[in-house]
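These notes are about the structure you will find just below.
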Amino acid sequence: MMAMHESKLFGSRRYLFLFAHPDDDLYCCVLMKRLVDEGKSVKLLYLTSGDAGGAKRERESEVFRSITHIGVNRKSVLFLRIPEKKLPNTLHRAVASAVRVVKSCGTDCAVGHDYEGGHEGHDLASFCLSEVVRLAEIGAHIVFPVYHGPPGKRRGARFKPVRKDPIILPFTGKDRALKEAVLNCYVSQKEHFDGLGGSTSDYFDLLFSRELFSLLSAPIDYRSRPMEEVGYELHRNRFTFEKFQLALNKYRTHLSQ
0 MMAMHESKLF
10 GSRRYLFLFA
20 HPDDDLYCCV
30 LMKRLVDEGK
40 SVKLLYLTSG
50 DAGGAKRERE
60 SEVFRSITHI
70 GVNRKSVLFL
80 RIPEKKLPNT
90 LHRAVASAVR
100 VVKSCGTDCA
110 VGHDYEGGHE
120 GHDLASFCLS
130 EVVRLAEIGA
140 HIVFPVYHGP
150 PGKRRGARFK
160 PVRKDPIILP
170 FTGKDRALKE
180 AVLNCYVSQK
190 EHFDGLGGST
200 SDYFDLLFSR
210 ELFSLLSAPI
220 DYRSRPMEEV
230 GYELHRNRFT
240 FEKFQLALNK
250 YRTHLSQ
């Protein structure tokens, strides 16, 4: 029997999962599989193709290998193909495109990144989806964690401490096998995932035992720092929280014109 808190994840009919780039689906693939098995409509929208490393085609191919395990139809996967480095300056385009998608398919639940400060692309995608939820008046907004904290000390597959009472989706043996299969699809990101595993010894234990979600009851405050130490500020690309705020201000300017 489904636990009461767990049932909150399955109360809608048409779901849109919005991701910053390929491989983010790893953190909610079990939920997607269960929704598909229940006959729900599940669509995946990727803002970028993860092209910063020059492997756009490879990473898109990895998505299509991933969905064969999840059970999502290829026609339900959409790529906006916004260059990763241009995403901060094109949020208006991303939001407008995503709004068109959700209105065309009658989305009543949107699922995407939490606001974590671990990766600027994740946080930009989080803001993007929050705007889509607001503008398209979507009834349910669910977030999931990827990682937070500085490089070398990243805390992955868990929410940052300030988010209380997550919805826990525990795994069966088949769920664990699915998660492993999806992870193995993302060959191009092996070094990245190995690095997360090296940051905290329990990363893979958590990744392969449950998924975490939070059904938002209030909008996220993107004007405040997600954490005192924003992890992406210490990454090699040196993207700062101030640049994140500039991107949001540019979006708001576009919106008001």
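If you read the sequence shown in numbering that gives the first Met the number 0, its first letter stands for residue 0, the second for the next number, and so on.
Ideal Cβ placement from N, Cα and C applies to all residues, glycine included.
The model shown is predicted, which means the values in this text are computed figures rather than measured ones.
Within the model, the alpha-carbon separation for residue 53 versus residue 220 is close to 33 Å. Less than 7 Å divides the Cβ of residue 61 from the Cβ of residue 21.
Taking a C-beta distance under 7 Å as the contact criterion, residue 105 and residue 13 qualify as a contact pair. Contact between residue 19 and residue 120 holds, with the beta-carbon distance rounding to 4 Å and staying under 8 Å. The C-alpha of residue 37 lies about 27 Å from the C-alpha of residue 46. The DSSP-derived three-state label of residue 158 is coil.
The stretch 134-148 and the stretch 177-192 do not touch, with fewer than three beta-carbon pairs separated by less than 8 Å.
The three-state secondary structure of residue 169, taken from DSSP, is strand.
The Cβ-Cβ distance between residue 76 and residue 43 falls below 7 Å. Residue 32 counts as buried, since at least 16 other C-beta atoms from the protein chains shown sit within 10 angstroms of its C-beta. At the C-beta level, residue 230 and residue 147 come within 7 Å of one another. Shown here for residue 207: same chain residues with a beta carbon closer than 8 Å to its own, the five before and five after excluded, namely 170, 175, 178 and 179 in chain order.
Taking the CA atoms as reference points, residue 202 sits about 12 Å from residue 26. Note that the C-beta distance between residue 158 and residue 195 is not below 7 Å. According to DSSP, residue pairing for residue 175 in a beta bridge does not occur. Under the 10 Å beta carbon count, residue 48 is surrounded by 16 or more other beta carbons and is classified as buried.
Nearest C-alpha to residue 70 among 98, 30 and 215: 30.
Between residue 151 and the set 130, 161 and 193, the nearest pair of CA atoms involves 193. The beta carbon of residue 247 lies closer than 7 Å to those of 126 and 221 in the same chain, with the five residues before and after it left out.
Contiguous beta strand (DSSP E) elements confined to the stretch 73-135 occur at 76-78 and 108-112, taking only those with 3 or more residues.
Between residue 7 and the set 101, 216, 199 and 133, the nearest pair of CA atoms involves 216.
Here residue 13 is bridged, per DSSP, to 40.
Bridge partners of residue 141 according to DSSP: 110 and 214.
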